[in-house]
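Peer 1: In our numbering, the protein residues as written are 56 to 846. Note that CB positions come from ideal geometry on N, CA and C, so glycine has one too. Supplied in structure tokens, the structure appears directly below.
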Amino acid sequence: MKALLYTLVAGPALMAAATSGSGLVTGTVRDEQGHPVPGAVVALEHRITGHRQTAVTDKAGRFALRNVPFNDYHLEARAPGLTTAHKDVSIRSGLPVETDLRLAAAGAVVVVEEEADLIEDHPSSHVDFDRATIAREPAAVASRALESAILATPGFIQDENGRFHFRGSHGQVMYVIDGVPVTDQMQAAFSNSLDPGQVDAMEVVTGGISAEYGGKPGAVVNLTSRSGLGTPGGFQGEVSAGASRFSTYEAGFALRGSTDRMGWFATASGSTSDRYLDPVNFDNFHNHGTTGRVATRFDWLLTDHDTLRVSASGGSTSREVANLASQEALGQDQRARTTDANLSVGWTRLLDGGASLETVVFARRAGARLDPTSGQAPDPLKDFPVWASQDRTLDNLGASVAWQGKDALGSTKAGLQYTRFPLRERFAFAVTDDAMAPAGDPLHAYTPAGGGSIFRFDESHAPVLASGYVQREIRTGGWNLGLGLRYDSWTFRGDESHQLQPRIALSYSFPGSSTLVRVSYDRLLITPENENLAMSTSQATWDLAGGAGTVPALRPEIQDSWLVGVERQLGAHLKATLDYWWKVSRNSADSDQFYNTGIVFPVAAARGRFHGMDLRLDLAEIHGFSGYLSAGTVRTVFRTPTVGGLSGAEGSDGPAGQPYLIDHDEKLNVQLGLRWQQGSFFAQAVGRYDSGLVAGEPGDVAGNPDYAFGIPYVRVENDRLVGPVYRIRPRTVWNVNLGRTFPVGAGRTLQATASLLNVFDEKGLYNFLSTFGGTHVIPPRTLALGLKYSF
């Protein structure tokens with residue numbers, strides 16, 4: 056299998072291109088006599104997201120709209136003295152869509168004018184976002200707006216530091232950036248967050264997952280980055296700056312330009328804050344951080360059949376590790392740093408017969424470092440209750456090749472993918488609090504009373520994911536069928552997991568009723584998180600925590616996911632979507648937090664069962680008003696035993712098959728967004744209700760100066776399956792923002808914005824004494840101001 060993949064992938068890798076995640080719309084605008092219409096304005100628009108692209112026809116009446124995110128759109132063309140032409144187009148692959156528009160003479164009687172349909176005739180369950188929507192998301196700094204936007208998708212449960220849990224799973228979500236998969240953890244606590252300034256559009260796919268996606272396909276965040284191709288006037292740019300509470304400041308820029316056959320885009324941003332992450336208490340001790348990021352993209356139209364794309368990006372974050380009250384009293388000064396660098400090269404070749412060959416090669420390196428207060432030797436007067444040091448790197452080295460083509464019934468895509476994940480992990484720790492590991496505890500030897508030994512770990516490994524897939528899309532009448540089959544082979548520490556994964560999605564649009572029903576089934580192989588994977592699965596760690604015998608393998612999660620949904624358009628401006636979903640899994644993935652150091656180890660429970668409902672209402676713009684409502688319920692039950700990390704070994708002696716609610720279980724979450732725009736002014740309000748995640752037992756910390764503050768924010772209830780359960784108390788948080796754009800010259804504008812986050816200064820917790828997430832508090836009321844100059 057490996058040899059076959061190397062042969063087929065490495066050969067064409069230098070002559071084909073990346074699956075871009077976007078398409079091309081071309082065509083000709085003609086008048087009634089069939090003559091081309093030069094100078095006509097062609098506009099492509101999605102009424103729900105607001106995404107809009109325009110082009111002007113050349114002397115031959117031709118137009119081209121490039122880098123169009125996958126979606127269903129309304130296309131129109133207009134020219135002086137002629138009527139406006141309308142047409143709906145669907146962009147679902149990288150293959151060009153050719154469509155012509157015909158304009159009648161002004162005054163002619165138009166019997167039927169096609170009106171944009173809010174229902175997307177596609178079997179997948181997904182939510183779409185435009186760049187403008189993401190940019191206007193209320194946030195303390197613009198660079199964190201992407202995380203906030205994703206939470207507007209039903210089924211996503213909010214947790215600390217931009218983390219989220221999708222439909223009860225820990226975080227098995229992958230990002231696909233212009234066709235390049237990124238399965239690393241992207242939240243600020245573990246990596247460097249993606250800059251929303253580089254994003255042109257975002258699609259969050261939650262059901263009916265295409266067979267081309269593997270690694271962490273519990274949900275797929277498909278990002279189309281901004282391109283310079285077709286830049287009006289050949290050059291555009293913007294410079295932005297912002298400030299908010301806690302000495303938070305941010306600045307950035309974005310530039311793009313183009314020639315007839317080349318486009319380029321570059322963006323960079325940096326920020327600093329004294330509340331960089333969500334702290335472990337309301338006092339916000341020791342929480343300063345700085346971050347910076349840069350991203351570029353270059354597109355070359357080499358010939359009429361060949362397109363080359365090169366993307367490069369990187370980021371760096373340096374921050375303090377937030378302190379508990381006792382740690383602050385000691386003067387603890389742990390520091391963390393994360394870095395990443397990314398490069399991808401792609402080439403698309405259009406073949407005869409409307410087919411294409413696409414290949415991408417990519418490389419990513421991510422690093423993380425934790426430095427203790429007391430340097431190379433544990434000191435209980437400086438680092439408490441543990442002394443810890445870490446220095447690790449994680450690489451993604453991969454290539455893929457895909458063929459896709461069209462026929463009378465639909466399209467077919469088939470491809471091979473290969474990714475190698477070289478990792479190096481160096482970790483050392485000692486327990487500085489004797490009370491945490493008394494005599495008889497496996498960790499006693501690493502306490503001052505037990506001799507003061509230091510546990511040291513240093514290993515390198517290279518997990519491999521090799522895959523092949525075929526995806527068939529069929530559209531006939533009101534039926535739309537997606538048939539996919541994927542094969543994954545995962546290898547780590549000599550242990551291999553193989554899985555054949557059928558992916559089936561079906562939708563039917565009832566004629567004349569603006570109603571669509573969909574059903575889907577996805578078999579998913581979800582690889583373990585690679586961060587700290589070596590240590591989590593090592594014999595040394597298993598022995599350290601008192602595990603018996605040989606360390607069990609931490610295998611990929613195998614998940615079976617079903618969804619039944621209905622989508623209906625209500626009038627001309629409102630769309631409603633209701634989904635019922637359920638999942639079962641084995642090797643159900645989660646993470647184990649190492650005290651409050653920010654270091655987490657991947658773990659897995661024996662089995663998991665999940666089910667819930669999602670509701671989404673979308674209001675397209677009407678008299679300046681637009682909005683959405685997302686709501687979801689999540690029931691998540693795991694069963695013992697757990698393997699991996701320290702908690703896996705500690706719990707290995709308990710009875711198997713015991714059910715427990717994991718802290719991804721939440722009875723109800725609702726997010727409402729309302730927006731009003733009049734000319735250059737906009738105002739927006741976003742409110743979110745969370746009924747509360749499962750928490751640890753507050754009685755364990757009664758009188759504890761580090762954690763007792765959280766007890767009033769925890770409640771107890773009786774669960775019909777597991778008995779008494781502690782949960783975070785419900786919270787409702789409102790954020791508002793407004794802005795206005797001022798013209799300051801020909802083609803230049805200045806936008807001023809103001810955001811008030813947590814308007815009513817609600818106090819609450821994200822989590823409390825969670826084995827897998829720790830304890831973190833929500834942000835207080837915060838005022839954020841921003842300026843953006845566009846030229």
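For residue 394, which residues does DSSP report across the bridge?
Peer 2: 371, 422
Peer 1: Taking the straight line between their C-alpha atoms, what separation do you get for residue 166 and residue 538?
Peer 2: Confidence in residue 166 is poor, its pLDDT being 45 and thus under 50, which makes the residue's placement unreliable; the coordinate value appears in the next sentence. Between residue 166 and residue 538, the C-alpha separation is close to 39 Å.
Peer 1: Give me the Cα-Cα distance between residue 61 and residue 542, rounded to the nearest whole angstrom.
Peer 2: Unreliable placement is indicated for residue 61, whose pLDDT of 37 sits below 50; the coordinate value is still reported in the next sentence. Roughly 16 Å between the two C-alpha positions.
Peer 1: Given residue 87, which residues of its chain have a CB within under 6 Å of its CB, disregarding the five upstream and five downstream residues?
Peer 2: Excluding residues within five positions, the ones whose Cβ falls inside 6 Å are 159.
Peer 1: Using the rule of at least 16 other Cβ atoms within 10 Å of the residue's Cβ for burial, across every protein chain shown, is residue 11 buried or exposed?
Peer 2: Outside the modelled stretch of the chain, which goes from 56 to 846, sits residue 11, for which no answer is possible.
Peer 1: Mapping DSSP to helix, strand and coil, what is residue 594?
Peer 2: helix
Peer 1: State buried or exposed for residue 665, treating a residue as buried only when at least 16 other CB atoms are found within 10 Å of its CB.
Peer 2: Its Cβ being crowded by 16 or more others within 10 Å, residue 665 is buried.
Peer 1: Runs of 3 residues minimum, wholly inside the region 722 to 800: which ones carry the beta strand (DSSP E) assignment?
Peer 2: 736 to 745, 769 to 774, 778 to 783, 786 to 800
Peer 1: In three-state DSSP terms, what is residue 576?
Peer 2: strand
Peer 1: Kindly give me the distance between the Cβ atoms of residue 454 and residue 415, rounded to whole angstroms, as I take these residues to be in contact under 8 Å.
Peer 2: 7 Å
Peer 1: Just curious, the alpha helix (DSSP H) that residue 201 is in, first and last residue?
Peer 2: DSSP places residue 201 inside the alpha helix (DSSP H), whose first and last residues are 200 to 205.
Peer 1: Have a look at residue 830 and residue 495 and give me their C-alpha separation to the nearest angstrom.
Peer 2: Approximately 28 Å, taken between the alpha carbons.
Peer 1: Buried or exposed: which applies to residue 181, given that a residue is buried once 16 or more other Cβ atoms fall within 10 Å of its Cβ?
Peer 2: buried
Peer 1: Residues in its own chain within less than 8 Å of residue 710 by CB, not counting five upstream and five downstream?
Peer 2: Correct list, in chain order: 695.
Peer 1: Taking residue 311 as the reference, give the member of 291, 298, 493, 329 with the closest Cα.
Peer 2: When C-alpha distances from residue 311 are compared across 291, 298, 493, 329, the shortest belongs to 291.
Peer 1: So that I know if they touch, is there some Cβ in chain C lying closer than 8 Å to that of residue 133?
Peer 2: Any reference to chain C falls outside this structure, which holds one protein chain only.
Peer 1: CA-CA distance, residue 595 and residue 374?
Peer 2: Taking the straight line joining both Cα atoms gives about 30 Å.
Peer 1: Can you check the region 608 to 678 for any beta strand (DSSP E) of at least 3 residues that lies completely inside it and give the ranges in chain order?
Peer 2: 612 to 625, 629 to 648, 655 to 677
Peer 1: Tell me which residues share the same chain as residue 169 and place their Cβ nearer than 7 Å to its Cβ, disregarding the 5 neighbours each side in the sequence.
Peer 2: Unreliable positioning characterises residue 169 in this predicted model, as indicated by a pLDDT of 48, which lies under 50. The coordinate reading is nonetheless provided below. Once the five neighbours on either side are set aside, the close Cβ partners of residue 169 are 141, 142, 143.
Peer 1: Taking the alpha-carbon positions, what's the residue 840 to residue 259 distance?
Peer 2: Straight across, the Cα-Cα distance linking residue 840 with residue 259 is about 29 Å.
Peer 1: Have a look at residue 253 and residue 362 and give me their C-alpha separation to the nearest angstrom.
Peer 2: 20 Å
Peer 1: What is the rounded straight-line gap between the Cα of residue 556 and the Cα of residue 640?
Peer 2: 13 Å
Peer 1: Compute the Euclidean distance between the alpha carbons of residue 222 and residue 175, then round it to the nearest angstrom.
Peer 2: 23 Å
Peer 1: Just the C-alpha distance for residue 208 and residue 104, rounded to the nearest angstrom, thanks.
Peer 2: Rounded to whole angstroms, residue 208 to residue 104 spans 13 Å at the Cα level.
Peer 1: Would you please state the rounded distance, in angstroms, between the beta carbons of residue 148 and residue 468? I believe it to be under 8 Å.
Peer 2: With a Cβ gap of about 7 Å, residue 148 and residue 468 count as contacting.
Peer 1: Contact defined as beta carbons within less than 8 Å: I believe residue 226 pairs with residue 248. What is the distance between those atoms, to the nearest angstrom?
Peer 2: The pair is not a contact, with the Cβ atoms about 14 Å apart (cut-off 8 Å).
Peer 1: With DSSP collapsed to three states, give me the class of residue 830.
Peer 2: strand
Peer 1: Where DSSP assigns a beta bridge to residue 556, which residues make up the other side?
Peer 2: 541
Peer 1: What span of residues does the beta strand (DSSP E) with residue 130 cover, start to end?
Peer 2: Residue 130: member of the beta strand (DSSP E) spanning 126 to 133, first to last residue.
Peer 1: In the DSSP assignment, what residue or residues form a beta bridge with residue 529?
Peer 2: 465, 536
Peer 1: Do you know how far the Cα of residue 482 is from the Cα of residue 512?
Peer 2: Going from the Cα of residue 512 to the Cα of residue 482 covers about 5 Å.
Peer 1: Could you pull out every residue in the same chain whose Cβ sits closer than 7 Å to the Cβ of residue 350, ignoring the five residues on either side in sequence?
Peer 2: 250, 253, 322, 368
Peer 1: Note the first and the last residue of the continuous alpha helix (DSSP H) segment covering residue 383.
Peer 2: Start and end: 380 to 385.
Peer 1: Which residue marks the beginning of the alpha helix (DSSP H) containing residue 479, and which one marks its end?
Peer 2: From DSSP, residue 479 is part of no alpha helix (DSSP H) but of the beta strand (DSSP E) over 478 to 486.
Peer 1: Per the contact definition of three or more C-beta pairs closer than 8 Å, is the region 263 to 271 in contact with the region 550 to 570?
Peer 2: yes
Peer 1: Hey, residue 430 and residue 447 are a contact pair by Cβ (cut 8 Å); roughly how many whole angstroms apart?
Peer 2: At roughly 19 Å, the Cβ-Cβ gap does not stay under 8 Å, so residue 430 and residue 447 are not in contact.
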